[in-house]
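Here's the structure we're looking at; comments come further down.
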Amino acid sequence: MLTKIKNYILLCFLVLFSALGYTAGIPEKFENEVAMEYALNLPQEGILHIKEGYLYLKVDDRYIHHLFPLLEQPELEIPDYFRSPSAPGAHISVVYETERQQLPPQIPEIGQTFDFYIKDFYSIFLRDHEEIIVLVVESPMLEDFRVKYGLSEKLLGHEYHITLALKHYPANQVIMKELRFWYNTKWLEYMKKKDPYGTWGNKPYMIVKGLPDDYKHLTRKDLRSWWNTRKPGSYPQVDGYEDDDVIVTQTFLENWFKMVSPDGKVP
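Mapping the sequence shown onto numbering that gives the first Met the number 0, position 49 (from 1) lands on 48, and the numbers just tick up by one.
Below, the structure is given as structure tokens:
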């Protein structure tokens, strides 16, 4: 029971991470025993640095250079953390520039070592057509440091993490992922209340089927326009998300599009 509670709390923090730190996302935990075994043998500590008001914990670059090939996911890219000798490399964000003014001019902890503990791998989808792969860590020392200076325990409320990789998505997959995120939260919650003994609770994922072929640069506005001009009985279609194969109903899409304003923005 305690483990389930901890996992739930972690998921809540990751949702806050996506909503506040990266403008909405879908956090998904994934298992990679080989990568995890390697990560657990890396130094679980880092040195606190500051650059132009940004505080970060510099960690061993092997967290990126050696874990990246072990992720074994197509089309991943290494983050732009090694673009110059002054770039941070592998790191954990601790204090953003917007919070720096709350700290004193001289911070004695700069250059000191902080410990952390490895938790899990997560992928988080971002609305700017990107997905990031992160290694979530726990660090009571970093929490105490932030609290000491009047800040919250966690940066923007999300878990401490090391970003390992990122992936860019075409627009049509972005729409599908946003639909899936909405389905997994608002719509599924609504249907459970309306029909608690029905089958909705057994459909955690969705796939949208039936769009024309030329949707490479599709937007939400385009999708809505197509929906309004569809043939009776037809269903929209977007490429499936990995192995998920649950087909969403017409009713779901009709209700989702009621939330979409004429310019294609979700309120």
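From the three backbone atoms N, C-alpha and C, an ideal C-beta is built for every residue, glycine too.
- Out of 82, 76, 156, 32, the CA that lies nearest to the CA of residue 162 is found in 76.
- In the structure shown, residue 157 adopts coil according to DSSP, grouped into three states.
- With 16 or more other CB atoms across the displayed protein chains lying within 10 angstroms of its CB, residue 136 is buried.
- Sequence-distant partners of residue 117 (beyond 5 residues in either direction) whose C-beta falls short of 7 Å from its own C-beta, in its chain, are 38, 39, 43, 134, 136.
- Separation of residue 33 and residue 57 (C-alpha to C-alpha, rounded to the nearest whole angstrom) is 24 Å.
- Across the structure, residue 100 and residue 156 are spaced so that their CA atoms are roughly 18 Å apart.
- Residue 122 and residue 86 have their C-alpha atoms some 23 Å from each other.
- When C-alpha distances from residue 61 are compared across 95, 150, 90, 104, the shortest belongs to 90.
- Membership of residue 143 in the alpha helix (DSSP H) is indicated by the continuous run 139-147.
- Residue 56 has 47, 91 as its beta-bridge partners, per DSSP.
- In the assembly as shown, residue 131 is a buried residue. Its beta-carbon has 16 or more other beta-carbons within 10 Å.
- In terms of CA proximity to residue 51, 98 leads the group 41, 98, 31, 70.
- DSSP places residue 124 in the strand class (E or B) of the three-state scheme.
- Sequence-distant partners of residue 149 (beyond 5 residues in either direction) whose C-beta falls short of 8 Å from its own C-beta, in its chain, are 101.
- Restricting attention to 45, 49, 30, 72, the CA atom closest to the CA of residue 109 is found in 49.
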